[in-house]
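In the working numbering, the protein residues as written are 675 to 1649.
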């Protein structure tokens, strides 16, 4: 099972080269994984029909009881045959539907195959969390497939609408899954259904949330608005996603969970009422539509309501009817969608008002359509008739609610017959006064997939008894009925047959008076759900704009004050109600007096920030508070934390300085006395409250500290640095997540700065010849010597020629160049010594970044480009790739981020060992280095360009020429 699922995604990843090499014929190759899944499922028929199951389990995180479990039983057999079998035929159909020149064909092919893999995994999942993951994968891939023609506004809107509705339902479903998992003590679906949690408020809420996800996925009212709009997707997508796969996921989930939760009080009212309403509303709307594909879409909505009603009723016979109806619906609705694509392809339109005489021109296509349509209208001897008979009989012998539902399904079936007749008439019959629509011939390969499905519906009508054993194995999960129903085409004359005849006759009458029905339907039509959705979105957008304009005033001080006040209100309320300080150990003022002295100086530096008017002084004072915190770490005995704090504070101050170059020297915001009188108490109250909260939280500890256990665990592996080991081994998940967040933040910040161009590009060398930020001077200085042109002066910087003499500091240049390589070596030392001494990938990356910052401060952006010619994104990407690769390497031993250590011996060096935590830390080192380099290039080099541009404009306005510059290459660098 796992191999079949993986093959779908692997081959989908190679869809682009396949399409590039084979064109549309690549769909034939891409159809191999679902074809293999179909064959495998067919070989397991007897196993599933006997009530047995094929299972596979992988304990991903045993300590947290997180597993990936797959289960292949009777219901999974049905869904796999539909998802894989129809998926195979749809992919083969695509080879004829598209042309080699179709734009974005490779992406479409890969997404369609990946969707098939996600759907296959969804119906096989035996774990609620795994099911949710694959559930959302189908949502994402359907979004990409519906929005395939992304240049069209309607396609983009339809894709976004489907994504919004199904994702919101999926999130609600996830909460329900978590509640059910906690109530049952397991997330295994088979175990939950074998011993369902006792019905209560929590379980009832969970059931409602899960049904929200299932009903939104299957387009049940009031979530049905997205499916008709999803017809913006190509026809193969409509045939697969909206007839056999994605929309069946919700019905499948209802059918899967009904044996365990149908007796929960809220289950049946929600499922029966909404299912019945959807069947009527969808069928009624389909009667007045002129687009063949859109009429089928609303017919699909109607049929999904019927399927949901049957699957959720919760007794054996309705479950049996639901299973055979799921099969029948797929076998008639998929070929009808595919035939609609053929008609559109051959005639150039889907408007039934413009189609006339197509049946005479395409008799084989018409025959296939009539077979599928007869099954949808439940005419004997097709599968749809046997399924409808089973449904009517099951509801007839059910409870009072079931018999009410039966009346609605009979009315809905009459609507089904009516819009089926209208579909066949509109697509293939001649219209009075209309000329025959010109069409081109259709190849056999184009018609074969829908023809095969329609023939299956014809064969399985008389042969529906062949499926009784399989579907009965699923239905037997419900309480047995007094007289179990068995599938057969003919059960004799009875009430069910009479109701079928009534539904057929009613549908014929509705079709006969379709002009009157259409006029009446449009006259009493409610506002469409799509219109309501659009108005809701517009209203939400307007409200958000007004709220944003009211709240976001552009004042950082107001934002900070609001945040602090909200925090104060919440914390003070909790402290006042719970009074958690009672019984808490009184805090110590300090451990050693030196801590008090450092804390006093740090507070003094913070208070001085309130009195300064110059921005640079404020930055320096704020930096002193950070250095004070680092000194507290030193005094407390945390050298790792102190080293990291020193490096972070240094980098932060340099970044502030780079930004301040483009800001006024003094603070320009005038703060009145009353505002200052408000801000100071708020700040002091926030600080005091946080201090109390930290004290209370520390004093509330009841368990033994974990420090001793961590020290013992670290020493057991022959290591000494507990902090570094925690970061890269014991809590490496946290480090990995923080690394990803750091990379995303850096990319986001620099992307805002580099709106048009991110790299220095090939213009570096040419720009050296012009004026740079580091060669500009306020009043032009003359008379300065430029050296002997015949004897080039040797410089300490690679880009020394870009520096104006009055801006150069020979001492700084020499120190920067001499310390650059030693600091890099120091960063590598800090990286590899972290197992036993203070260091680590994070602080080592910061140290390497400081070395590059020093080169920039000494020589500008050109010097930085010479010192680090590679792009920052390369370091960031390599770091993430390496850390992720090390994490996945642990899967070889059963869990992500499992640590490996290799011991060996080298000549001259002797014994050595290297572990995957070191490689993981090296990834962190590269990532931090890339982030620092990216920020310096963004805030340094970009601002340099702005200074140069402003100076050039000023010089052009004043009409002054640029000062003389030494030619590039007259200054050398030491060898």
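Built from N, CA and C at the ideal position, the CB exists for glycine as well. Nothing here was measured: the structure is a model prediction, and the numbers come from that model.
What does a CB cutoff of less than 7 Å around residue i pick up in its chain, not counting 5 residues either side in sequence?
i: residue 747; result: 722 and 727
i: residue 1000; result: 752, 922, 925 and 981
i: residue 905; result: 912, 967, 968 and 971
i: residue 996; result: 929, 981, 984 and 985
i: residue 812; result: 789, 792, 793, 796, 920 and 923
i: residue 772; result: 698 and 779
i: residue 1437; result: Model confidence at residue 1437 stands at a pLDDT of 43, short of 50, so the residue's coordinates are unreliable and nothing is read from them.
Assuming contact is defined by CB atoms lying nearer than 8 Å, are residue i and residue j in contact in what I supplied?
i: residue 956; j: residue 898; result: yes
i: residue 1036; j: residue 1020; result: yes
i: residue 1003; j: residue 1121; result: no
i: residue 926; j: residue 675; result: no
i: residue 1266; j: residue 1309; result: yes
i: residue 1501; j: residue 1485; result: no
i: residue 730; j: residue 751; result: no
i: residue 994; j: residue 1064; result: yes
i: residue 1472; j: residue 1537; result: yes
i: residue 755; j: residue 798; result: no
i: residue 1046; j: residue 1128; result: yes
i: residue 711; j: residue 678; result: yes
i: residue 939; j: residue 878; result: yes
i: residue 942; j: residue 987; result: yes
Please work out which residues of its chain come closer than 6 Å, Cβ to Cβ, to residue i, disregarding the five sequence neighbours upstream and downstream, and give them in chain order.
i: residue 1599; result: 1505, 1515, 1518 and 1519
i: residue 1300; result: 1323
i: residue 827; result: none
i: residue 742; result: 732, 734 and 804
i: residue 1282; result: 1295
i: residue 1317; result: 1512 and 1517
i: residue 900; result: 835, 836 and 839
i: residue 1666; result: Only positions 675 to 1649 of the chain appear in this structure, which leaves residue 1666 out of reach.
Comparing C-alpha positions only, which one of the options sits nearest to residue i?
i: residue 1181; options: 1536, 1288, 1083 and 1222; result: 1083
i: residue 1124; options: 1007, 1211 and 1579; result: 1007
i: residue 1025; options: 677, 962, 1009 and 1487; result: 962
i: residue 1144; options: 869, 755, 682 and 725; result: 725
i: residue 763; options: 1091, 706 and 1142; result: 706
i: residue 975; options: 918, 1254, 710 and 1027; result: 918
i: residue 1100; options: 1578, 1129, 1086 and 1044; result: 1044
i: residue 1060; options: 1160, 979 and 1562; result: 1160
i: residue 1095; options: 857, 711, 1264 and 1053; result: 1053
i: residue 1559; options: 1579, 1595, 1578 and 1230; result: 1595
i: residue 1545; options: 1575, 1610, 991 and 1389; result: 1610
i: residue 1041; options: 1086, 1081, 1074 and 1102; result: 1102
i: residue 1130; options: 1009, 1382 and 1237; result: 1009
Quick check: what's the CA-CA separation for residue i versus residue j?
i: residue 1387; j: residue 1394; result: 10 Å
i: residue 1240; j: residue 1234; result: 10 Å
i: residue 985; j: residue 1170; result: 19 Å
i: residue 1358; j: residue 1306; result: 21 Å
i: residue 1104; j: residue 1030; result: 4 Å
i: residue 1260; j: residue 1350; result: 33 Å
i: residue 1631; j: residue 1421; result: 36 Å
i: residue 713; j: residue 965; result: 36 Å
i: residue 1340; j: residue 1223; result: 28 Å
i: residue 681; j: residue 1313; result: 50 Å
i: residue 1178; j: residue 973; result: 16 Å
i: residue 694; j: residue 770; result: 17 Å
i: residue 1186; j: residue 1173; result: 20 Å
i: residue 1355; j: residue 1361; result: 10 Å
So, for residue i: in the same chain, excluding its five sequence neighbours on each side, which residues have a beta-carbon less than 8 Å away from its beta-carbon?
i: residue 1416; result: 1601, 1602 and 1605
i: residue 703; result: 685, 692 and 696
Checklist entry - With a cut-off of 8 Å, do at least 3 Cβ pairs link the stretch 1538-1555 to the stretch 1592-1608? => result yes
Next on the checklist: Taking 8 Å as the cut-off, does the stretch 1397-1409 touch the stretch 1577-1591 (at least 3 CB pairs, one atom from each stretch)?
Outcome noted: yes
Item to check | contact_flag[the stretch 1481-1497, the stretch 1288-1295] where n(CB pairs < 8 Å) is 3 or more | outcome: no
Checklist entry - Can you find at least 3 beta carbon pairs, one from the stretch 887-896 and one from the stretch 947-955, that sit closer than 8 Å? => result yes
Checklist entry - Quick check: the stretch 1005-1025 against the stretch 1110-1124, are there 3 or more CB pairs under 8 Å? => result yes
Checklist entry - Would you call the stretch 778-790 and the stretch 932-941 touching, i.e. three or more CB-CB distances under 8 Å? => result no
Checklist entry - Should the stretch 868-887 be regarded as contacting the stretch 820-827, the criterion being three or more beta carbon pairs within less than 8 Å? => result no
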